[in-house]
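As numbered in the numbering used here, the sequence shown has no gaps in its residue numbers, which increase by one up to the final residue, 629. By construction, the Cβ of each residue, glycine as well, lies at the ideal position given by its N, Cα and C atoms.
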Amino acid sequence: MDVDAMFTNDIIGSSTGANGVRDDRTVRVFSEGVPTNETKQEADTRRSVGGENDSQSRQLARFIKEAAEEYVPGFRVWMIYRRDRYLRGGDHIPFLEQGYAAVRFTEPNENYNHQHQNVRVENGVQYGDLPQFDDFAYIAQVARVNCAALSALALAPARPSDVRILTRRLTNDTDLQWAANKEPDLAGYEVVWRDTTEAVWTHSLWVGRVTSYTMKGMSKDNYFFGVRAVDADGNRSPVTYPRPQREARN
Numbered sequence: 380m381d382v383d384a385m386f387t388n389d390i391i392g393s394s395t396g397a398n399g400v401r402d403d404r405t406v407r408v409f410s411e412g413v414p415t416n417e418t419k420q421e422a423d424t425r426r427s428v429g430g431e432n433d434s435q436s437r438q439l440a441r442f443i444k445e446a447a448e449e450y451v452p453g454f455r456v457w458m459i460y461r462r463d464r465y466l467r468g469g470d471h472i473p474f475l476e477q478g479y480a481a482v483r484f485t486e487p488n489e490n491y492n493h494q495h496q497n498v499r500v501e502n503g504v505q506y507g508d509l510p511q512f513d514d515f516a517y518i519a520q521v522a523r524v525n526c527a528a529l530s531a532l533a534l535a536p537a538r539p540s541d542v543r544i545l546t547r548r549l550t551n552d553t554d555l556q557w558a559a560n561k562e563p564d565l566a567g568y569e570v571v572w573r574d575t576t577e578a579v580w581t582h583s584l585w586v587g588r589v590t591s592y593t594m595k596g597m598s599k600d601n602y603f604f605g606v607r608a609v610d611a612d613g614n615r616s617p618v619t620y621p622r623p624q625r626e627a628r629n
């Protein structure tokens, strides 16, 4: 079985929190930055070149946000830059430990009286996870977000593989290289980039059906870059963040 990513929808039943705040237009998506299964060598590289906000799980979260905003208008995917809620965990974490991209969907304002509680009434307060506390219209919206993202993933080409920033030339340009996708309906690739302080990809450039491209006058010091594949119908893959290709300089 080819497992590409994992979604867990855990605590998405209610739009009203314990504080009485109701928000039926938002779902949180938690994604880790530094990969759970990162090796020492990978950590050393990350500290040298950046990328603490560019794990494959975070690229997946950005992809989900983009798909949801296109197909579920008026509903916000609130990206949370954490693996999970504070000191808490979920079913996606074992997948992260095995190196898969995985994210968690959770309602924006939790009511802890309805989580991990025995059903009871205490001091006039109803405890327990009961149907009367569910907002089924909100659940349907979260399901639509899932469907939009899963459909977009299913239709899209695979993420580009072996994406590299070449470091042979000492230059203010950025030289990118990647392996060719194998889909017969592949149209080509886009290079995306953002300022280092931005949360999402803000710019893209169509570069065609090539396996390398030079971003003239754009230093790898000043921007984060990525590459995504595009098919003949315009379906876009999630972004692949490049690793450095260390080469001896002339």
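Check whether residue i and residue j have beta carbons under 8 Å apart
{"i": "V482", "j": "A531", "result": "no"}
{"i": "G469", "j": "N416", "result": "no"}
{"i": "W457", "j": "V524", "result": "no"}
{"i": "I544", "j": "F484", "result": "no"}
{"i": "L534", "j": "N432", "result": "no"}
Alpha-carbon to alpha-carbon, residue j and residue i
{"i": "V554", "j": "L584", "result": "Going by the sequence as given, residue 554 is Asp instead of Val. D554 and L584: Cα-Cα distance of roughly 14 Å."}
{"i": "A611", "j": "P539", "result": "16 Å"}
{"i": "Y506", "j": "N497", "result": "7 Å"}
{"i": "S591", "j": "M380", "result": "31 Å"}
{"i": "W580", "j": "R573", "result": "5 Å"}
{"i": "Q511", "j": "W557", "result": "52 Å"}
{"i": "R455", "j": "P617", "result": "19 Å"}
{"i": "G503", "j": "Q494", "result": "17 Å"}
{"i": "A578", "j": "V413", "result": "15 Å"}
{"i": "A447", "j": "A422", "result": "32 Å"}
{"i": "A559", "j": "V589", "result": "8 Å"}
{"i": "I518", "j": "G453", "result": "15 Å"}
{"i": "F603", "j": "V571", "result": "8 Å"}
{"i": "S542", "j": "R467", "result": "This sequence places Val at residue 542; Ser is not what is there. Going from the Cα of V542 to the Cα of R467 covers about 33 Å."}
{"i": "D600", "j": "S436", "result": "23 Å"}
{"i": "P473", "j": "R625", "result": "32 Å"}
{"i": "P536", "j": "R607", "result": "9 Å"}
{"i": "V521", "j": "L549", "result": "47 Å"}
{"i": "V528", "j": "K419", "result": "The sequence shown places Ala at residue 528, rather than the Val named in the question. Those two C-alpha atoms are separated by around 32 Å."}
{"i": "R461", "j": "S434", "result": "12 Å"}
{"i": "P621", "j": "E449", "result": "26 Å"}
Contact set for residue i: own chain, Cβ-Cβ below 8 Å, skip 5 residues either direction
{"i": "D552", "result": "T593, M594, K595, G596, M597 and S598"}
{"i": "I459", "result": "R407, V408, F409 and S410"}
{"i": "T649", "result": "Since the displayed the chain opens at 380 and closes at 629, residue 649 lies outside it and no answer follows."}
{"i": "V500", "result": "Y506"}
{"i": "V586", "result": "G567, Y568, E569, V570 and Y592"}
{"i": "D514", "result": "G392, S393, S394, T395 and D403"}
Cβ neighbour criterion (16 or more within 10 Å) applied to residue i
{"i": "H471", "result": "buried"}
{"i": "E569", "result": "buried"}
{"i": "N398", "result": "exposed"}
{"i": "D463", "result": "buried"}
{"i": "P563", "result": "exposed"}
{"i": "K444", "result": "buried"}
Helix, strand or coil at residue i according to DSSP, with G and I counted as helix
{"i": "N492", "result": "helix"}
{"i": "S583", "result": "strand"}
{"i": "T550", "result": "coil"}
{"i": "R425", "result": "helix"}
{"i": "A537", "result": "coil"}
{"i": "E501", "result": "strand"}
{"i": "V332", "result": "This structure cannot speak to residue 332, because the chain is shown only from 380 to 629."}
{"i": "Q525", "result": "Here residue 525 turns out to be Asn, not Gln, going by the sequence shown. Helix."}
{"i": "A608", "result": "strand"}
{"i": "F512", "result": "helix"}
{"i": "L532", "result": "helix"}
Close-in-space but distant-in-sequence residues of the same chain around residue i (CB under 6 Å, 5 per side omitted)
{"i": "P623", "result": "V428, I544 and T546"}
{"i": "D508", "result": "H493"}
{"i": "M385", "result": "H471, F474, Y479 and A481"}
Residues of its chain near residue i, where Cβ-Cβ distance is below 7 Å and the 5 sequence neighbours each way are ignored
{"i": "D402", "result": "S394, P487 and N488"}
{"i": "R404", "result": "G453, F454 and R455"}
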